[in-house]
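Novice: One structure, pasted below without further comment.
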Amino acid sequence: MNQQTLKRSCSFEGKGLHTGGYAKITILPAAAGTGIVFKRIDLGEDAIVKALAENVSNTARSTTISYGNASVTTIEHLMSALTGMGIDNALIEIDGQEVPILDGSARPYIEAFREAGLEVQDAERIYIPVSETIEYKDEKTGSYVRIEPADKPSFECKVDFNSRVLGVQTASWDESVDYASEVGPCRTFVFFHEIAYLAQMGLVKGGDVENAIVIVEHPVTQEQVDQLCQMLGKESMTVTDSGYLSNLTLHFPDECGRHKLLDLIGDIRLCGGYLNARVTAFKSGHTINTNAAKALRSALNLK
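Okay, structure coming up:
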């Protein structure tokens with residue numbers, strides 16, 4: 001299979017989930033062998049950050065990459081969309097720190113990429129070789145990401161928050177599964193009881209029930225729900241019998257598990273390309289995902 005890039009550029013704008021800052025991004029075609037590169041156009045011509053695991057600088061509820069004085073935050077949904085849609089090379093110009101959250105999924109990117117079309121390039125796709133198993137594990141939580149040799153890429157993600165609402169969810173993707181319909185539309189999520197804490201930590205400044213599924217794990221009063229609605233400037237909502245705020249309908253019963261898979265695919269792309277490997281993860285998150293990508297690049301002496 002040959003490398004691919006976009007036939008024409010695609011632009012998006014909106015607020016960032018965590019900083020709340022407004023930014024515009026443009027995803028441009030790039031030459032074969034470029035990989036995925038971000039450019040902070042608000043910081044000058046040299047503010048370039050390659051989407052590689054060694055450039056990860058923060059993983060607090062999203063993935064941030066940095067090089068020099070340039071940082072780009074919450075890249076995982078875009079990285080996932082580029083991977084799932086088969087795009088090897090792209091230059092991403094952004095005029096702020098954080099990639100817009102849009103609807104909380106990868107679907108806006110997918111729709112734009114389909115409309116723009118893909119250009120097949122005159123160079124074969126280079127799969128990163130995996131000759132031995134790499135595993136990164138958190139002994140305290142039991143979470144892990146395992147990367148094993150295989151003939152083709154595949155991902156499996158098992159989610160367990162000890163949640164009565166979510167239960168245990170397992171989602172998987174390989175090249176035989178339509179990423180655009182089965183993974184890409186799945187939105188980010190947050191537990192109701194986490195929102196105040198995240199706000200105190202200076203995160204989710206751009207959070208909104210329009211771009212996140214809100215899970216109500218513990219009993220809450222309607223007054224508490226109304227206070228949240230007032231804070232967000234939204235009309236009143238209720239809690240459904242299934243344990244979610246009533247403003248939205250799930251795309252899939254296991255949409256949250258599929259979103260964790262979406263994140264995993266995006267974070268593992270920081271290995272620097274496509275892997276001929278089977279990636280399995282349990283209770284994964286941005287920290288362990290990107291640490292696994294770093295461990296693989298270190299083991300293979302990639303630079």
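Per the working numbering, the sequence shown runs over residues 1 to 303.
For glycine and all other residues, C-beta sits at the position ideal for the given N, C-alpha and C.
Owing to the predicted nature of the structure, the values given are computational and were not obtained by experimental measurement.
So, does the region 126–133 touch the region 18–32, judging by three or more C-beta pairs under 8 Å?
Specialist: no
Novice: Taking residue 103 as part of the alpha helix (DSSP H), name the residues at either end of that continuous run.
Specialist: Residue 103 -> no alpha helix (DSSP H), and no H or E assigned at all.
Novice: Would you mind working out which of 118, 222, 153, 227 sits nearest residue 240, comparing C-alpha positions?
Specialist: Closest option to residue 240, Cα to Cα, is 222.
Novice: Do residue 145 and residue 284 have their C-beta atoms closer together than 8 Å?
Specialist: Going by beta carbons, residue 145 and residue 284 fall inside the 8 Å limit.
Novice: With 16 other CB atoms within 10 Å as the buried threshold, where does residue 84 fall?
Specialist: buried
Novice: Below 7 Å CB to CB, which residues in the same chain sit around residue 231 once its five sequence neighbours on both sides are set aside?
Specialist: none
Novice: Among 288, 295, 250, 70, whose alpha-carbon lies nearest the alpha-carbon of residue 272?
Specialist: 295
Novice: Pull up the DSSP beta-bridge partners for residue 125, would you.
Specialist: DSSP output for residue 125 lists no bridge partner at all.
Novice: Report buried or exposed for residue 141, applying the criterion of at least 16 other Cβ atoms within 10 angstroms of its Cβ.
Specialist: exposed
Novice: Cutting at 8 Å between CB atoms, please list the residues of its own chain near residue 6, excluding the five before and the five after it.
Specialist: 27, 28, 29, 87, 90, 113, 116, 117, 118, 119
Novice: Measure the alpha-carbon distance for residue 157 versus residue 251 and round it to whole angstroms.
Specialist: 18 Å
Novice: For residue 249, which of helix, strand or coil comes out of DSSP?
Specialist: Of the three classes helix, strand and coil, the one that applies to residue 249 here is coil, per DSSP.
Novice: Does the region 146–154 touch the region 43–62, meaning 3 or more C-beta pairs lie closer than 8 Å?
Specialist: Here the region 43–62 makes no contact with the region 146–154; the two share fewer than three CB pairs at distances below 8 Å.
Novice: On the DSSP letters alone, give me the boundaries of the beta strand (DSSP E) that residue 58 sits inside.
Specialist: Residues 56–58.
Novice: How about residue 99 and residue 75: do their beta carbons lie closer than 8 Å?
Specialist: The answer is yes: Cβ separation under 8 Å.
Novice: Buried or exposed: residue 188, going by 16 or more other Cβ atoms within 10 Å of its Cβ?
Specialist: buried
Novice: Go through its chain and collect everything with a Cβ distance to residue 218's Cβ below 8 Å, but skip five positions before and after it.
Specialist: For residue 218, where only same-chain residues beyond five positions count, the Cβ hits under 8 Å are 192, 193.
Novice: Does the Cβ of residue 227 have 16 or more other Cβ atoms within 10 Å, making it buried, or fewer, making it exposed?
Specialist: So residue 227 counts as exposed.
Novice: Need the endpoints of the beta strand (DSSP E) that residue 160 sits in, please.
Specialist: 154–160
Novice: Would you report the Cα separation of residue 65 and residue 282, rounded to the nearest angstrom?
Specialist: 23 Å
Novice: I need the boundaries of the beta strand (DSSP E) containing residue 137, first residue and last residue.
Specialist: 134–137
Novice: Measure the CB-CB distance between residue 299 and residue 267 and report whether it falls below 8 Å.
Specialist: no
Novice: Please state the DSSP three-state secondary structure of residue 186.
Specialist: In this structure, residue 186 counts as coil in the three-state DSSP scheme.
Novice: In chain order, what residues of the same chain lie with their CB nearer than 7 Å to the CB of residue 280, ignoring the 5 residues before and after it?
Specialist: Exclusion of the five residues before and after residue 280 leaves 146, 156 as the residues of its chain whose Cβ lies within less than 7 Å of its Cβ.
Novice: Does DSSP put residue 53 in a helix, a strand or coil?
Specialist: helix
Novice: Nearest-angstrom Cα distance between residue 182 and residue 69?
Specialist: 37 Å
Novice: Looking at residue 154 and residue 178, is the spacing between their C-beta atoms short of 8 Å?
Specialist: no
Novice: Alpha carbon to alpha carbon, how far is residue 238 from residue 82? Give it in angstroms, no decimals.
Specialist: 36 Å
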